[in-house]
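Residue numbers (the UniProt record's numbering): 1 to 84.
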């Protein structure tokens, strides 16, 4: 999370590490299968933009997955804890 800049120093956010994002995603379990989404090959892609925004594409195990919103929420929460 960015820190408010002081009057004497400009803000310089640290870059988001792809390894840190993948590590955070490894803590997210599929609620039905109870295994990490990374082990289930549900993470299709992770992209970090120049301004530090992270985009994650997750493939669900079944079309119309009833746990979709829970998985999205868990991914958002895990990634938001990554420094940068």
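Quick reminder that beta carbons are idealized off the backbone N, C-alpha and C, glycines included.
Using DSSP's beta-bridge definition, name the partner residues of residue i.
i          : result
residue 31 : For residue 31, which the question treats as bridged, DSSP gives no partner whatsoever.
Taking 6 Å as the limit between beta carbons, can you name the residues of its chain near residue i, skipping five residues before and five after?
i          : result
residue 20 : 82
Taking 7 Å as the limit between beta carbons, can you name the residues of its chain near residue i, skipping five residues before and five after?
i          : result
residue 43 : 25, 37, 56, 58
residue 74 : 28
Taking the C-alpha atoms as reference points, what is the distance between residue i and residue j?
i          : j          : result
residue 15 : residue 52 : 6 Å
residue 70 : residue 60 : 11 Å
residue 66 : residue 32 : 10 Å
residue 35 : residue 50 : 31 Å
residue 40 : residue 80 : 21 Å
residue 72 : residue 78 : 10 Å
residue 18 : residue 63 : 28 Å
residue 54 : residue 30 : 20 Å
residue 47 : residue 22 : 11 Å
Flag residue i as yes if its beta-carbon sits less than 7 Å from any beta-carbon of chain C, otherwise no.
i          : result
residue 22 : The chain inventory of the structure shown lacks chain C, comprising one protein chain alone.
Apart from the five residues just before and just after residue i, which ones in its own chain have a Cβ nearer than 8 Å to its Cβ?
i          : result
residue 68 : 60
Jot down the residue ranges of each uninterrupted beta strand (DSSP E) in the segment 41-66, minimum 3 residues, whole runs only, in chain order.
43-48, 54-58
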